[in-house]
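Residue numbers for the sequence shown follow my numbering, beginning at 954 and rising by one.
Input: a single structure, listed below in structure tokens.
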Amino acid sequence: MLYVSTRNTEEKVSASQAILKGLAENSGLYVPEQIPALDLPIEKLTDLTYQETAYEVMKLFFTDFTEEELKKCIENAYDEKFDTKEIAPLVKAQGSYYLELFHGSTIAFKDMALSILPHLLTTAAKKNQVKNEIVILTATSGDTGKAALAGFAGVEGTKIIVFYPKDGVSPIQKKQMVTQKGENTLVVGINGNFDQAQTGVKQMFSDQALAQELAAAGYQFSSANSINIGRLVPQIVYYVYAYAKMVKSEEIADGDHINVVVPTGNFGNILAAFYAKNMGLPIGKLICASNENKVLYDFFATGTYDRNREFILTSSPSMDILISSNLERLIYRIAGNDGEKNQKLMRELQEQGKYEITEAMREQLSGFYGNYADEAETAAVIREIYQEAGYIIDTHTAVAAAVYKKYQKETGDTTKTVIASTASPYKFTRSVMTAIDQKYQDKPDFDLVDELEALSGVTVPRAIEEIRTAEVRHKKICEVEEMQSVVKDFLLQ
Ligand SMILES: *Cc1c(COP(=O)(O)O)cnc(C)c1O
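Below, the structure written as structure tokens:
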């Protein structure tokens, strides 16, 4: 299987090359030429472990990896770093199925893909006789940064540089990043928001002069952002796994449809669900949940994607995004896999901050439902699910739960529904605890951690215990315009 660029279908590369490069020429994204069909029947999948399911899915996409290589990557990724053998447990509350994707080392769903990406990437480098050291350059709205740092810290032949919006991440997210150990790591706050960080990173990726300068010093960039196909594919796995588990536990019969709700930012997680559906997994509606940065809701409602609006800081910072990069892969597809047509729209997005899709393209979006939840609705649903089911969800998952309630009310659809639970409530302790009761407002962060443990009965995760007393190692803050010189200083001196 080959991968083509969403902006130029003449550009074709192997899976390992797509993983290595991250981004195609002209800032295009790599997509598989066609989406493969699941080749095992569900009744076979029900008996597989997470790792075995991962192999069955990934082998269909990463066709130039040998069985041995791929299995080794999978084993190294989904091991004791996860605090449960199930890797992604399914928890039933209030009639919905919460797919808990936060049992990895940084307690957010980014671990699902970023625990395997370093292994895929170093394997890909070997396969392609790459001699340069790989530099992972990443912009983060909070969770990617830490998960990428955890994945790449100390990995030989790599360096990792993470930019985060100085005031746009939660206190715990920030502490997790700035305490990162490892000589090959650099964490920098920027005076700007996530979109500015992401744009700065994208510019560095497409800067040929910079690439040459770095190559001369023995470096080349790669991306750990969710635009890397090496992140997207591992995310397909848990939808297949969740479905098989529901069949096995007789919550559904083989072939029954399920709906999937995804709290969405960069559109990576929900795109993985869309790919799973296209592989033949019986998924009904793909419910795209946004916070107050509801650019995707407006897009599904009107067919116009318009990022010209105020950027709002919310209690679900990992979804505070106005340019959902992975949407481009969907646009490319509904444009009839037409690279030129897609590129035209993306140019409009870059130049005018918006684009409008055609009626024919819109018709292909009927499998999606978009809505959003504001801050009050998000807090209310956390409180309600805690009070009624004794289950505590984080702010991102709460956006999904609130949107799902709107969907149910609007449609009366009773299809069994999986809600992607993307972070541990421990990662957003302050927002979660004050949603449950305002009385927690004035308590220090780590007191709230202990209060959350008492309320939820869930033991404080290792990831939180670790940062209670950890030393701050990364204090650098820079302006958006300085990002490139910060990178050069780190690598070239
Ligand atoms: C990254 C993230 C999201 C958004 O996922 P996308 O793939 O970017 O849409 C949602 N919730 C949490 C906790 C995240 O870290």
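Where a beta carbon is used, it is the ideal one built from N, C-alpha and C, also for glycine.
All values reported here derive from a predicted model rather than from experimental measurement.
In this structure A1355 is in contact with V1334, their Cβ atoms being roughly 4 Å apart against a cut-off of 8 Å. Between K1441 and the set K1358, K1247, G1171, Q1340, the nearest pair of CA atoms involves G1171. The shortest C-alpha to C-alpha distance from K1369 to any of A1329, S1384, V1214 is the one to V1214.
Along the length of the stretch 1241-1300, whole beta strand (DSSP E) runs at least 3 residues long occupy 1257-1259, reported in chain order.
Boundaries of the alpha helix (DSSP H) harbouring F1399: 1398-1409, taken from the DSSP string. As summarised for the stretch 1062-1107, the continuous beta strand (DSSP E) elements at least 3 residues long and confined to that stretch are 1086-1092, given in chain order. With a cutoff of 8 Å on beta-carbon distance, G1145 and V1433 are scored as near each other. Under the three-state reduction of DSSP, N1029 is assigned to helix. Rounded to the nearest whole angstrom, the CA to CA distance from M1436 to H1427 is 15 Å.
When secondary structure is reduced to three states using DSSP, N1212 falls in the strand class. Secondary structure of Y1344 (DSSP, three-state): coil. The C-alpha of Q1303 is placed about 28 Å away from the C-alpha of A1100.
Beta-bridge analysis with DSSP links V966 to Y956.
Exposed is the label assigned to R1421, since fewer than 16 other Cβ atoms lie within 10 Å of its Cβ. Under the three-state reduction of DSSP output, Q1165 falls in the helix class.
Secondary structure note for K1119: it is in no beta strand (DSSP E), with a DSSP letter that is neither H nor E. Apart from sequence neighbours up to five positions away, the residues of its chain that approach N1244 with a beta-carbon distance below 6 Å are T1267, S1269, M1272, V1352, ordered along the chain. In the DSSP assignment, F1015 falls outside any alpha helix (DSSP H), carrying neither H nor E. Here A1103 has S1058, T1059 as same chain residues with Cβ atoms under 6 Å from its own Cβ, once five neighbours each way along the sequence are excluded. For the pair Q1126 and D1148, the CB atoms are not nearer than the 8 Å cut-off.
Annotation: the continuous beta strand (DSSP E) that includes K1307 extends over 1307-1309.
Scanning the stretch 1354-1398 from its first residue to its last, the whole beta strand (DSSP E) runs of 3-plus residues come out as 1370-1374.
Relative to ligand 1, the nearest heavy atom lies less than 7 Å away from the CB of K1063.
Residues T1091 of the same chain have their beta carbon placed closer than 6 Å to that of N1178, with the five preceding and five following residues left out of the count. Scanning S1049, G1048, V1044 for the CA closest to the CA of F1055 turns up V1044. For T1267, the shortest C-beta to heavy atom distance toward ligand 1 is 7 Å or greater. In this structure, DSSP gives P985 an extended state, which the three-state scheme calls strand. Using a 10 angstroms sphere on the CB of G1292, the tally of other CB atoms reaches 16 or more, which defines it as buried. The beta carbons of I1182 and Y956 sit closer together than 8 Å. With a cutoff of 7 Å, F1321 does not count as near ligand 1, since its C-beta is closer than that to no heavy atom of the ligand. For E986, the closest C-alpha among the options K1012, S958, A1007 is that of S958.
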